[in-house]
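Mapping to my numbering: the sequence shown position 265 is 276, numbers consecutive. Here's the structure we're looking at; comments come further down.
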Amino acid sequence: LWIGTERGVCSFDLNLKTFTPFILTTQMDVSVDGRIQSLIYDRGKLWIASARQGVFVKEEEELRHYSFEEFRIDTGSTVWVNTLYKDKEQIIWVSVDNTIHQIYRFDDTTGEFVPAFPDLPQEQQRELRSYSMLEDTFGTLWFGTWTNGLISVDKHKGIVTDKYLNTPGKEHILHIHQLTEYEPGLLLIGSNDGLTSFRISPISGNRLDQHFTEPRLSNRFVYPIYKDPEGGLWIGTYYGGINYASPNRNYFTSYQHVKHENSISGQVVSCFCEDDKGNIWIGTEDGGLNELDIRSGLVRSYSHRDNRSGLSFNNVHALCQVDNKLWIGTYTGGLNVMDLDTKEISHYYAD
12 LWIGTERGVC SFDLNLKTFT PFILTTQMDV SVDGRIQSLI YDRGKLWIAS ARQGVFVKEE
72 EELRHYSFEE FRIDTGSTVW VNTLYKDKEQ IIWVSVDNTI HQIYRFDDTT GEFVPAFPDL
132 PQEQQRELRS YSMLEDTFGT LWFGTWTNGL ISVDKHKGIV TDKYLNTPGK EHILHIHQLT
192 EYEPGLLLIG SNDGLTSFRI SPISGNRLDQ HFTEPRLSNR FVYPIYKDPE GGLWIGTYYG
252 GINYASPNRN YFTSYQHVKH ENSISGQVVS CFCEDDKGNI WIGTEDGGLN ELDIRSGLVR
312 SYSHRDNRSG LSFNNVHALC QVDNKLWIGT YTGGLNVMDL DTKEISHYYA D
């Protein structure tokens with residue numbers, strides 16, 4: 012199990028229950044350090060996006076480093092990696108701030124990252140600053156940008172094909188955090204301006220479908236979006252708890268923290284995970300972990316305690332189920348592992 016942290020990468024042996032620091036260095040003796048934005052494992056290669064260092068690639072016992080320094084705008088700026096994405100053709104894409112071209116793709120032929128849109132003027136390059144990317148059913152690549160709405164590109168021609176939801180005063184959304192294709196032809200967009208559904212059609216054209224914000228949502232700042240196997244939609248917000256929409260109903264049910272009542276323990280929702288029994292696990296940054304039985308509506312919370320029976324820390328950032336174990340990544344509290352049968356929690360720390 013590979014884990015990205017604020018101080019680099021480590022691996023966790025599932026059998027021995029031990030951490031091993033990632034100490035491999037490049038031929039130039041550069042090691043992976045600092046905040047890790049993304050990890051992608053693909054065909055024997057581990058791709059590591061380090062916020063301030065660029066991208067590393069581990070293949071067997073060799074480590075290569077791509078700093079993007081040759082593309083840096085000026086000596087006073089710091090290269091900053093926003094996100095890493097693998098498309099359906101296994102092409103690796105990366106968004107890098109303070110560089111000339113902003114978006115780069117990996118060229119398997121040369122073994123280098125190359126500008127994805129080399130002919131775009133620099134002003135238009137900056138418009139592509141993205142924290143989320145998605146390739147849809149029709150092969151169009153979408154960028155959820157920070158200040159310029161939704162942008163579609165033809166990845167083979169290397170051109171921007173259109174821009175959407177970027178008109179101030181009309182259809183305009185800022186700070187896109189999440190892109191999800193709910194079904195073929197329907198994008199869901201989570202941003203600082205709520206939840207937006209967007210219809211994709213190569214024949215009739217793309218268009219805005221619906222836009223949800225307060226009061227239909229409990230909070231306008233939308234972060235994680237999760238579609239369950241039944242088609243239900245789970246929306247995590249920043250200080251608004253959860254909003255749930257059944258596939259058979261056209262409204263949202265809100266789950267928020269209410270003291271002394273059957274409710275989730277936090278308001279800042281960071282992640283979702285569904286277990287094999289259909290229960291929804293909810294990670295929060297301000298209240299620990301929650302288990303929601305969607306059949307009964309009962310919520311059970313797990314939080315940090317002075318003893319070792321609870322979570323090591325209440326700021327939960329990642330959830331993953333493997334067999335009967337729920338793996339819980341926390342901010343500064345290490346890795347927690349819950350036995351889903353007994354609900355016992357073990358703590359592991361990288362020293």
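Ideal placement from N, C-alpha and C gives every residue a C-beta, glycine not left out.
7 Å CB neighbourhood of residue i in its chain, flanking five on each side removed
| i | result |
| --- | --- |
| Asn230 | Thr248, Tyr249, Tyr250 and Gly251 |
| Ser323 | His315, Thr341, Gly344, Gly345, Asn347 and His358 |
| Ala62 | Gly45, Arg46, Gln48, Trp91 and Val92 |
| Ser143 | Thr94, Gly155, Ile187, His188, Gln189 and Leu190 |
| Leu25 | Leu12 |
| Gly160 | Lys174, Tyr175, Leu176, Asn177, His183 and Ile184 |
| Glu225 | Arg231 |
Span of the alpha helix (DSSP H) around residue i
| i | result |
| --- | --- |
| Glu138 | Gln133 to Glu138 |
Cutoff 6 Å; reference residue i; Cβ partners in own chain excluding five residues on either side
| i | result |
| --- | --- |
| Asn217 | Ile211 |
| Leu152 | Glu146, Val164 and Lys166 |
| His328 | Ser281, Gly340 and Tyr342 |
| Gly15 | Ile47 and Leu50 |
| Ser78 | Gly65 |
Residues of its chain near residue i, where Cβ-Cβ distance is below 8 Å and the 5 sequence neighbours each way are ignored
| i | result |
| --- | --- |
| Glu72 | Leu35 |
C-beta atoms of residue i and residue j nearer than 8 Å
| i | j | result |
| --- | --- | --- |
| Thr110 | Arg140 | no |
| Ala60 | Val68 | no |
| Val310 | Asn259 | no |
| Leu176 | Leu131 | no |
| Leu228 | Leu206 | yes |
| Ile305 | Gly289 | yes |
Exposure of residue i, with buried meaning 16 or more beta-carbon neighbours within 10 Å
| i | result |
| --- | --- |
| Phe283 | buried |
| Leu12 | exposed |
| Leu349 | First, the residue type needs correcting, since residue 349 is Met and not Leu in the sequence shown. Buried. |
| Thr295 | buried |
| Arg319 | exposed |
| Leu330 | buried |
| Leu337 | buried |
Where the beta strand (DSSP E) through residue i begins and ends
| i | result |
| --- | --- |
| Pro226 | No beta strand (DSSP E) contains Pro226, which DSSP labels as neither H nor E. |
| Glu285 | Val280 to Glu285 |
| His315 | Premise fails: His315 is in no beta strand (DSSP E) and is neither H nor E. |
| Arg75 | Glu73 to Tyr77 |
Considering only residues of the region 87-167, which uninterrupted beta strand (DSSP E) runs meet the minimum length of 3 residues and lie entirely inside it, listed in chain order?
Counting only runs of 3 or more residues that sit fully inside the region 87-167, the beta strand (DSSP E) segments are 91-97, 103-108, 114-118, 123-126, 141-146, 152-156 and 161-165, in chain order.
Please give the ranges of any beta strand (DSSP E) in the region 184-215, keeping only runs that are unbroken, at least 3 residues long and fully inside the region.
Considered as a whole, the region 184-215 harbours 187-194, 197-202 and 205-210 as its complete beta strand (DSSP E) runs of no fewer than 3 residues, in chain order.
Inside the region 231-263 only - beta strand (DSSP E) runs reaching at least 3 residues:
The qualifying runs are 233-238, 244-248 and 253-256.
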